[in-house]
Amino acid sequence: MANKVTTVKFDTLLNRAVTEVIVEQELVEMLHSGRRLRLKQGFDPSCPDIHLGHAVGLRKLRQFQELGHQVILVVGDWTAQIGDPSGESLTRPMLSPAEVKANATTYMQQFFKVVDREKTEVRWQSEWFDKFNLSDVIRLTSKFTVAQLLAREDFNRRYKTGRPLALTELLYPLLTAYDSVIVEADVEFGGIDQKFNCLMSRELQVMMGGTPEQVLLVPLLIGTDGTHKMSKSLDNYIGVDEPPKEMYGKIMSLPDNLILPYFELLTDTTEAELEEFKHKINTESINPMLLKKHLAREIVTQFHHTQAAQEAEGYFIKVFQKRDLPEEMPIFPLSFTTYRHLVESSHSQIETLQELFNNEETHQLLTQKKLFSHFHKGEEKRLSAKASEPGQILVDVIDLSLVAGLIKSRGEAKRLLKKGAIEVNGNKITETGPIAIEDGSVIRVGKRRFLRLVNIDN
RNA sequence: GGAGGGGUGGGUGAGUGGUUAAUACCAACAGACUGUAAAUCUGUCGUCCGAAAGGGCUGCGCAGGUUCGAAUCCUGCCCCCUCCA
């Protein structure tokens, strides 16, 4: 346990991927005491997805666990109803208990990809807040002043700039502070943006006759846009639950200047290696792309496994660097026979179609219906099935792409067409109109959108 | 209770009766380039018809109204902010 641990280890523990420790000296003493510490980590179940930004703190938790300490995961099923004030979205719908529960399950499944389940205790706010009555609320709120709460930077900014600030939002820090009191937290973990809340916890703990928790704040991770902190609302995040290929690709799309911070905050790369990477980048003695691939492998391995990382890399090289087709892609199933039949007899009924495709998935069924109804609209749109070779059908690729959801609108399709962004079996398409398609033909839009047509008659 | 300000496309935010499908920026998408889904450059960015020129439709909190014509004016409603009490 803690007594075996050297000061050198503490140094990394308290410095790498850490912005601030309050109060560092006290935390060091605690760590040396040999006591099993209670590490509090809260989460808001209205937003159950964990991304790499969260992972920075969770990795830190994990490191503490490896020294034998205990994590207390507090499920904010009450604070979820208020909404995290930093989100600035007032109109967050209140979640039903069932939704909260479902979200919590999702969250934990991701949470335990990083944190050791064995050394984690899960507590729900409702354990204590369900019993709260008005006098409890008054007792709690009377301990703080408005000025104190407005000291929080984002409250203050919103107040000053005339943006909405709900009364309940001011309650948020008080409730999370109360959590700390109940779970008897020794150390609270959070991003630097949680600093205010954590400090409130300390104050309240003292007011209620306890010892103030120590606070360990980790830096905010910059998102894929390269400027803002990673967050779901900005859609610049990489989820820990994303498929390997997606995760790998998103990391490759990071601006090059994020390579080092990501290595530092999200991997176990040694300090020496970090220095080496830094040197190589500064002297331009390595193509940043290679380092980024290394980073992507590391991270995908961490959240999936080595093989997945290799496959993702293979995919990346094949599809994006070489611009080949991927081995697997979405499939558009279509009965060629039926297709011909319907195209030839323009008066076929949609109902007939429904019957024909009854065994297909609903979604596909719908899209196929649309495809055919489109052809039925105008005479000139009718295609001559006879003109095509056996084993082929004539299809307007644009229509097909629209139906399949590959392209959003006809307008977009036209624009893409003009730029040569659409290809079929490797040949660029430059105008609308029917094209001979066979079983297994591939439609590609841009670099990333693919569709393989499959004849279900075979 | 009183006085005033405001709600615009995914986001920020211009626009106060026609030249506005709506400035700008961001995001997004595509193309070129590239050993990166980096960077850079170029273009696109409501939707439908059309090869195109062009033409429909929908659209500026919600519902009505005035007008040849409304994001812009009027009425009611909903929501937000500020000050006074």
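Okay, so the first sequence: first residue is 0 according to numbering that gives the first Met the number 0, each after it adds one.
Virtual Cβ for every residue (Gly too), placed ideally from N, Cα, C.
Residue i to residue j, Cα distance in whole Å?
| i | j | result |
| --- | --- | --- |
| T90 | Q80 | Bear in mind that a pLDDT of 43 at T90, under 50, signals an unreliable position, so the model cannot answer this. |
| I316 | M288 | 12 Å |
| T361 | S95 | With a pLDDT of only 36 at T361, under the threshold of 50, the placement of this residue in the model should not be trusted; the figure read from the coordinates follows. Using only the alpha carbons, I get a separation of about 29 Å. |
| E354 | R339 | Summary for E354: the model assigns pLDDT 39, below 50, so the residue's position carries little reliability, and this model does not support an answer. |
| Y158 | K231 | 24 Å |
| L60 | P332 | 47 Å |
| G377 | K413 | In this prediction, G377 scores a pLDDT of 36, lower than 50, which makes its location untrustworthy; the coordinate-derived value is nonetheless stated afterwards. Cα to Cα, the separation comes out at about 19 Å. |
| E350 | M229 | With a pLDDT of only 37 at E350, under the threshold of 50, the placement of this residue in the model should not be trusted, and no figure is reported. |
| N14 | S125 | 35 Å |
| A307 | R296 | 9 Å |
| L139 | L173 | 7 Å |
| I406 | F449 | 11 Å |
| A97 | Y177 | 24 Å |
| E312 | P260 | 21 Å |
| G222 | L169 | 28 Å |
| I285 | V423 | 37 Å |
| K100 | G425 | 48 Å |
| S440 | V396 | 11 Å |
| T527 | L294 | Outside the displayed span of the chain (0 to 457) sits residue 527, for which this structure offers no information. |
| V318 | L324 | 6 Å |
| S408 | L415 | 11 Å |
| D521 | L149 | Past the boundaries of the shown model lies residue 521; the chain is included only from 0 to 457, so the question cannot be answered. |
| E23 | G209 | 19 Å |
| L133 | L220 | 39 Å |
| L164 | H31 | 43 Å |
| H373 | D438 | Residue placement at H373 is flagged as unreliable, the pLDDT there being 44, under the threshold of 50; the coordinate-derived value follows with that caveat. Roughly 22 Å between the two C-alpha positions. |
| K321 | L253 | 19 Å |
| L364 | V453 | Because the pLDDT of L364 is 38, which lies under 50, any placement of that residue in the model is unreliable, and the number read from its coordinates should be weighed accordingly. Computed Cα separation, rounded: 14 Å. |
Within this structure, are the beta carbons of residue i and residue j separated by less than 8 Å?
| i | j | result |
| --- | --- | --- |
| K39 | S179 | yes |
| T431 | L216 | no |
| K291 | D255 | yes |
| V70 | V114 | yes |
| S334 | I436 | no |
| G484 | G190 | No statement about residue 484 is possible, as the shown extent of the chain runs from 0 to 457 and does not include it. |
| W127 | I181 | yes |
| L12 | Q62 | yes |
| V74 | R122 | yes |
| E283 | L273 | no |
| D185 | E202 | no |
| P451 | I330 | Residue identity differs from the one stated: residue 451 is Arg in this sequence, not Pro. Yes, the Cβ-Cβ distance between R451 and I330 is below 8 Å. |
| L265 | L51 | yes |
| L198 | G225 | no |
| E35 | G67 | Correcting the residue type first, residue 35 is Arg in the shown sequence and not Glu. The answer is yes: Cβ separation under 8 Å. |
| I442 | L399 | yes |
| T167 | S200 | no |
| E187 | V214 | yes |
| M206 | K142 | yes |
So the candidates are the options; which of them puts its Cα closest to the Cα of residue i?
| i | options | result |
| --- | --- | --- |
| Y147 | E117, E411, F195, T268 | One detail in the question is off: residue 147 reads as Gln in this sequence, not Tyr. It is F195 whose Cα lies nearest to the Cα of Q147. |
| G419 | G313, V444, I221 | V444 |
| I421 | R447, T167, D10, A271 | R447 |
| T336 | I392, Y314, E327 | I392 |
| C46 | K8, M29, D76 | D76 |
| H53 | P218, Y171, V136, F143 | P218 |
| K249 | V299, D267, D135 | V299 |
| Y106 | F42, V145, K8 | F42 |
Whole alpha helix (DSSP H) elements within the segment 29-73, 4-residue minimum: 51-65
Contained alpha helix (DSSP H) runs [length at least 4] in the segment 74-152, N- to C-terminal order: 78-81, 96-110, 125-128, 133-140, 145-149
Continuous beta strand (DSSP E) assignments of at least 3 residues falling wholly in the segment 157-195: 186-190
Segment contact, 8 Å Cβ cut-off, at least three pairs: the segment 231-247 with the segment 105-119: yes
Beta strand (DSSP E) runs contained entirely in the segment 239-282, provided each spans 3 or more residues: none
Those runs of the beta strand (DSSP E) which lie wholly inside the segment 212-236 and span at least 3 residues: 213-217
4 or more residues per run - each alpha helix (DSSP H) lying fully within the segment 273-343: 287-302, 305-315, 335-343
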